[in-house]
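Residues in the sequence shown are numbered consecutively from 56, following our numbering. Every residue gets a Cβ at the ideal spot worked out from N, C-alpha and C, and that includes glycine. This report refers to the structure that appears directly beneath it.
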Amino acid sequence: MSIVGYVLKRYPRYSETFVVNEILAHEAAGLDIEIFALRPPNDTHFQNIISLVRSPVNYIKKPIQGRISPSLNSLAPTAASYFWAELQEAAKIIPDFWSKLAVAEGEQASTVYQAAWLAREAKLKGITHLHAHFGSVATSVARLASHFTGIPYTFTAHAKDIFHESVEFADMERKLKDAATVVTVSDYNLNYLQKTYPTAAQQVKRIYNGLDLRKLQYSSPANRPPLIISVGRLVEKKGLSILIDACAILKQRNCEFQCQIVGTGSLEPALKQQIQDLELQSFVEIIGPRPQNDVFQLVQQAAVFAAPYVIGKDGNRDGLPTVLLEAIALGTPCVSTDVTGIPEVVRHGETGLIVPQNHPEKLAISIQELLTDSALRVKLSTQARQLIESEFDIYRNTKVLRELFLCRYDSSFKSCKKSDIKNN
56 MSIVGYVLKR YPRYSETFVV NEILAHEAAG LDIEIFALRP PNDTHFQNII SLVRSPVNYI
116 KKPIQGRISP SLNSLAPTAA SYFWAELQEA AKIIPDFWSK LAVAEGEQAS TVYQAAWLAR
176 EAKLKGITHL HAHFGSVATS VARLASHFTG IPYTFTAHAK DIFHESVEFA DMERKLKDAA
236 TVVTVSDYNL NYLQKTYPTA AQQVKRIYNG LDLRKLQYSS PANRPPLIIS VGRLVEKKGL
296 SILIDACAIL KQRNCEFQCQ IVGTGSLEPA LKQQIQDLEL QSFVEIIGPR PQNDVFQLVQ
356 QAAVFAAPYV IGKDGNRDGL PTVLLEAIAL GTPCVSTDVT GIPEVVRHGE TGLIVPQNHP
416 EKLAISIQEL LTDSALRVKL STQARQLIES EFDIYRNTKV LRELFLCRYD SSFKSCKKSD
476 IKNN
């Protein structure tokens, strides 16, 4: 029996519906999953689809919090005593554990501790494969746990985890090299990884994040009011200050419109001040976070979905945001930017409109074009929905992912017996 351990930095997270969609699709196919979260949730709002997940969630604490075990010989445990006790417990069930610890040299103590905890739980629960999302701390923990136990691991690389200025070349190269397979969410990412890590990244595969299209019914945008909507965290890479500047240009042109921004984040005070400074209070509104079904309704009421994504000063950027895919699937034509994998789904003049990042003037022109041309909206949205159905179906894409999970790898994790793949 195959049981896949999903290793996540934090679960659940309001902004990571793609993880939930993926797990739900695996569950629907009959795959057994255990979720291992390295941090507790810290959001104040959660998507309602989280309640549909049946897989058990295991929270792996940091050493400073620790857990009680037979090896803990202290009435007043410290991070150090918790750390030592966890290693002793892991050594009881993992052969040659102490010699295997050598691979953890240079890793943070908390990473080693959580990896030992995960390794022990994986052995006890019969986990046959580990899969992490994001090539940062979750993959660091999965990699060490894999080395301790001999259980193969894979991970999905998204955006910040490969593009941010904090990414260390040697660390990422190790993760790519040691993984059985690596998945990334766009061809742009795939090309970047293979160019940056020419030896280690040859096994990387592109699998798009999918959508449950049964829950995303297409609606024609032919007769919608002049409403612009944007959905996302209020952070630099979402480019929302550019959208607000574009709205000021639309106002100057006497273009009839309203703009709603759905989300919350660190830039909310600055964005609200920008709206006030540009005297856009009657045109632009930040309405805060909303449950997923409410977001879908808002998106389907809009004539334009604005996604003015930018590359942040620290290199952070979006990969291929799920909310953009959802808007396209729902029939709302999109204006976005030429950042990362966005042009793979928003193909200029075919499935949407693309403008350069950080260019409010061109953004305003494209938004106005869609607001005033019903036939163009219908043409772009129809072709975009066809692309989504062809490339972004969650059940088709997760089947490919499960084939990677259910391979019988050799001892190096690099050779998979295809005949042993089970089609759940």
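- If only complete runs of 4 or more residues are kept, the stretch 141-170 shows the alpha helix (DSSP H) at 152-155, in order along the chain.
- Assignment of Y114 by DSSP, reduced to helix, strand and coil, places it in the strand class.
- Residue state for V75 is assigned as helix, using DSSP reduced to three classes.
- Residues of the same chain with a CB within less than 7 Å of the CB of G374, apart from the 5 flanking positions on each side, are H213, A214, V240, S241, N244, T395, G396 in chain order.
- Counting the other Cβ atoms within 10 Å of the Cβ of Q307 gives fewer than 16, which makes it exposed.
- Following the DSSP letters along the chain, one finds Y61 inside the beta strand (DSSP E) bounded by residues 58-65.
- For E340, the enclosing beta strand (DSSP E) begins and ends at 339-343.
- For Q307, the enclosing alpha helix (DSSP H) stretches over residues 295-307.
- For K417, same chain residues with a beta-carbon under 8 Å away, outside a window of 5 residues either side, are V410, P411 in chain order.
- In the structure shown, F91 adopts extended strand secondary structure according to DSSP, grouped into three states.
- Secondary structure of K178 (DSSP, three-state): helix.
- Excluding sequence positions up to five before and after Y450, its CB lies within less than 6 Å of the CB of A80, all in the same chain and listed in chain order.
- For V290, the secondary structure class from DSSP, reduced to helix, strand or coil, is coil.
- Excluding the 5 residues flanking it on each side, P415 has same chain C-beta neighbours closer than 7 Å at I297, D300, A301, I304, in chain order.
- In this structure W153 is exposed. Its beta-carbon is surrounded by fewer than 16 other beta-carbon atoms within 10 angstroms.
- Note on geometry: alpha-carbon atoms of T387 and I330 lie some 24 Å from one another.
- In the pairwise beta carbon analysis, the stretch 345-352 is classified as touching the stretch 95-114: at least three pairs are separated by under 8 Å.
- Annotation for H202: no beta strand (DSSP E) segment contains it, though the alpha helix (DSSP H) segment containing it runs 192-204.
- S57 is positioned such that its CB atom lies closer than 8 Å to that of L86.
- Between T406 and Q438, the beta carbon gap of about 5 Å places them in contact (Cβ cut-off 8 Å).
- Here P111 is exposed. Its C-beta has fewer than 16 other C-beta atoms within 10 Å.
- Between V196 and V390, the C-beta spacing is not below 8 Å.
- By the neighbour-count definition (other C-beta atoms within 10 Å, threshold 16), K147 is an exposed residue.
- Looking at the DSSP output, K230 shares a beta bridge with no other residue.
- Counting only runs of 3 or more residues that sit fully inside the stretch 213-288, the beta strand (DSSP E) segments are 236-239, 259-261, 282-286, in chain order.
- The count of Cβ pairs closer than 8 Å, one atom from the stretch 228-238 and one from the stretch 200-212, reaches three, so the stretches are in contact.
- The DSSP-derived three-state label of A325 is helix.
- Going by beta carbons, L185 and G60 fall inside the 8 Å limit.
- Residue pairing for Y208: DSSP places it in a beta bridge opposite L185.
- Nearest to V433 by alpha-carbon distance, out of Q163, A177, R279, A200, is R279.
- Contact holds between the stretch 275-294 and the stretch 316-334, because three or more Cβ pairs, one in each stretch, are under 8 Å apart.
- For H100, the three-state secondary structure derived from DSSP is coil.
- Looking at the DSSP output, G407 shares a beta bridge with H403.
- Per the DSSP secondary-structure output, T392 pairs in a beta bridge with V410.
- For E446, same chain residues with a beta-carbon under 7 Å away, outside a window of 5 residues either side, are Y263 in chain order.
- For the pair D98 and R68, the Cα-to-Cα distance works out to about 7 Å.
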